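Those sequence lines, one after another, are chains A and B.
So for the first sequence, my numbering puts the first residue at 1; every next one is plus one.
So for the second sequence, my numbering puts the first residue at 1001; every next one is plus one.
All C-beta atoms in this analysis are idealised placements derived from N, C-alpha and C, irrespective of residue type, glycine included.
Please read all numbers here as calculations on a predicted model, not as lab measurements.
Report on one structure; see the data block that follows.
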Amino acid sequence: MKRFALISIPYLWLLALFLVPFLIVLKISLSDTELAIPPYTPTLDIAQGWAGVREWWAGLDMENFVWLTEDDLYWKAYLSSLKIAIISTVLTLLVGYPIAYGMTRAPDEWRPTLMMLIILPFWTSFLIRVYSWKAILSNEGFLNQFLIGIGLIDEPLVILNTNIAVYIGIVYTYLPFMVLPIYAALERLDESLLEAAEDLGCSRFTAFWLVTFPLSKQGIVAGSFLVFIPAMGEYVIPALLGGSKTLMIGKVLFEEFFANRDWPVASAVAVVLLLILIIPIVLFQRNEEKQREAGK
Amino acid sequence: MRKLSWFNTLTLTLGFAFLYIPMLILILYSFNAGKLVTVWSGFSFKWYGELFQNEAFLSAAWVTLKVAVISSTFATILGTMAAYVMVRAGRFRGRTLFSGMIYAPLVMPEVITGLSLLLLFIAIGLDRGVLTIVLAHTTFSMCYVSVVVSSRLVTFDQSLEEAALDLGCTGFEAFRLVTLPIILPAVISGWLLAFTLSLDDLVIASFTSGPSSTTLPIKIFSAVRLGVTPEINALSTIMIGLVTIGVIGASLTTKRAIAKKQKDEREAI
């Protein structure tokens, strides 16, 4: 009995506030847009019972989804988010891996401090960290002041309000998510394996490439998913650092909902985004479970 | 003792410079006398003064704090229960769905979570306000809490709990007297994590807040969209300062606790 209560309280909470809302999104994405409050007509009327369901099924058109394929804006936004998310995941990996590697090579007594320095930005407001780049990347910003000051360029570079600023923003804010899992994987590495590789005639670099890198793969995979999945639906970074040409689906959804008040289309955008993300989310969970098994 | 090679020294220096320089510039320019945040024109506390006179920011800060305290407390209770279920309850019907619902919110894009919760609140006719933000924040942060707590529960020696039960404790007493003290550090870090997530959240709060319940991130975001202002720099500096004190304080406490434990162990031998 007690066990039942223990299971059912969090279970019911999640059902009511996580699963049911999704079903509502799904339902509204199949409804018709209407100029009213709420701005859609529920095409499924459960109160009518079975007849209502049958009527809904007969009249079911995927018009909001058809609309998504007809209007250039949407599929371009999906593709562009995918591109931005992939490129920034690769960039974060390129920046994050050497940091994680350097941390494992640091003297033992430094490690807690280095670890704290990686975690600290993670606790600091995401919004503030994104905002801090605005003053650096703008035309009169510090980066341009610096580059003109040392005589590298004459004209300020236009970085703010372009996709480059979005890449920088994503790499900056998601860096701890990449560094921590890779660090965790590298720290578990048995160093005698490297010594063995070097004894067997590997150069330092080959030893790294053949031993260290493959053994840190799970950390790389976990880190990449932790960057890729949220980056795909990112709203704040393109809204603050990107320009009017930066197309990202999170921004489209937000604006569709708040500016155009088109709920059925916004819901359809959300459903398609979720369908795209289901594969990486499932892969991520598999990877986590594998790691947990290995850790036992 | 190992020494860092020049390559690792370089990557660590550059990496940490990249992480910290933007924040240091932001802090420095909160003390700028001028209105521009890219041109230094003398030291001043002016913007802090302006900030504390800005009613809108103060009331938003109060709403944010209220939401964060309430939602992180509920999230900690529900998340600890969920962790217990995941680690201890064994098999039950719908377990896969349950673990899916625990892990999915961790990676779910915020726009989807926000949109779906808003549509739920509208469907059941709940007016948007502090309550709806609390419900939304509790839901996503309980998942973080349950991940943190369950990683501690996994390494926990279950025979201690069994011993308590054998000695006549009820299930709840065994939890309160044995399990809870041992997993307490994880429960506290879960609470802190939930608290920070709630303080930080912009997207989900934008969907679930009403006109009378604007939170600080919503306020900051609308100010920042228009451009960079020294007042926001001052506010950011205060927030970064509080977080830094918190994180350093927490790590010193754990360090001292570990040192004390090691000393006790040595003395016991």
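- For the options A/V95, A/L82, A/Y101, A/A16, the alpha carbon positioned closest to that of A/A185 is the one of A/Y101.
- Taking 8 Å as the Cβ-Cβ cut-off, the segment 126-138 of chain A approaches chain B at F126, L127, I128, R129, Y131, S132, W133, K134, A135, I136, S138, given in chain order.
- A/P181 is a Cβ neighbour of A/G223, given a cutoff of 8 Å.
- Within 7 Å of the CB of A/G250, the CB atoms of chain B belong to P1109, V1111, in sequence order along the chain.
- Between B/V1037 and B/P1230, the beta carbon gap of about 6 Å places them in contact (Cβ cut-off 8 Å).
- No Cβ-Cβ contact shorter than 8 Å links B/A1104 with B/M1142.
- At a cut-off of 8 Å between C-beta atoms, B/T1214 does not count as an interface residue with respect to chain A.
- With a threshold of 8 Å between beta carbons, B/Y1048 makes no contact with chain A.
- Contact with chain A is absent for B/D1157, since none of that chain's Cβ atoms lies less than 8 Å from the residue's Cβ.
- Around the C-beta of B/F1092, fewer than 16 other C-beta atoms lie within 10 Å, and the residue is accordingly described as exposed.
- In the three-state scheme derived from DSSP, where H, G and I count as helix and E and B as strand, A/D262 is classed as coil.
- For A/M62, the number of other beta carbons within 10 angstroms of its own is below 16, and it is reported as exposed.
- Collapsing the DSSP output to three states places B/F1043 in a strand.
- Apart from the 5 residues on each side of it in sequence, B/A1075 sits with its Cβ closer than 6 Å to the Cβ of T1138, S1141, M1142, V1145, A1194 in its chain, given in chain order.
- Our two residues, A/Q145 and B/I1027, have alpha carbons roughly 18 Å apart in a direct line.
- The C-alpha of A/L247 lies about 42 Å from the C-alpha of B/Y1084.
- The alpha carbon of B/G1114 has as its nearest neighbour, out of A/S267, A/F225, A/I229, the alpha carbon of A/S267.
- Secondary structure at B/D1200: helix, using DSSP grouped into helix, strand and coil.
- The C-alpha of B/T1013 lies about 24 Å from the C-alpha of A/I148.
- In the structure shown, the three-state DSSP call for B/D1127 is coil.
- Ranking A/V211, A/R188, A/I168, A/Y174 by CA distance to the CA of A/A197 puts A/V211 first.
- B/K1263 and B/T1009 have their C-alpha atoms roughly 34 Å apart.
- Under DSSP, B/D1157 shares a beta bridge with no residue.
- For the set B/V1224, B/G1241, B/T1214, the Cα lying nearest the Cα of B/A1060 is the one of B/T1214.
- Taking the CA atoms as reference points, B/L1153 sits about 47 Å from B/L1226.
- In this structure the segment 1037-1048 of chain B touches the segment 1231-1244 of chain B; the number of beta carbon pairs closer than 8 Å is three or more.
- Chain A has no Cβ within less than 8 Å of the Cβ of B/D1127.
- Under a criterion of Cβ atoms nearer than 7 Å, no residue of chain B is adjacent to A/A268; the nearest Cβ is some 11 Å distant.
- Apart from the 5 residues on each side of it in sequence, A/V166 sits with its Cβ closer than 7 Å to the Cβ of I84, I237, P238, L241, G242, T246 in its chain, given in chain order.
- Within chain A, the C-beta atoms nearer than 9 Å to that of B/I1232 come from I128, Y131, in chain order.
- Close to chain A, meaning a Cβ-Cβ distance shorter than 9 Å, are the following residues of the segment 1191-1203 of chain B: L1192, L1193, T1196, L1199, D1200, D1201, L1202, V1203.
- The bridge partners DSSP lists for B/N1032 are B/F1043.
- With a threshold of 8 Å between beta carbons, A/T124 makes contact with chain B.
- Ranked by how close their Cα comes to the Cα of A/V130, the residues A/R105, A/S216, A/E234 have A/E234 in first place.
- The three-state reading of DSSP puts A/Y11 in helix, counting H, G and I together.
- Contacts between A/I7 and chain B, judged by CB atoms closer than 7 Å, involve V1085, A1089, F1092 in chain order.
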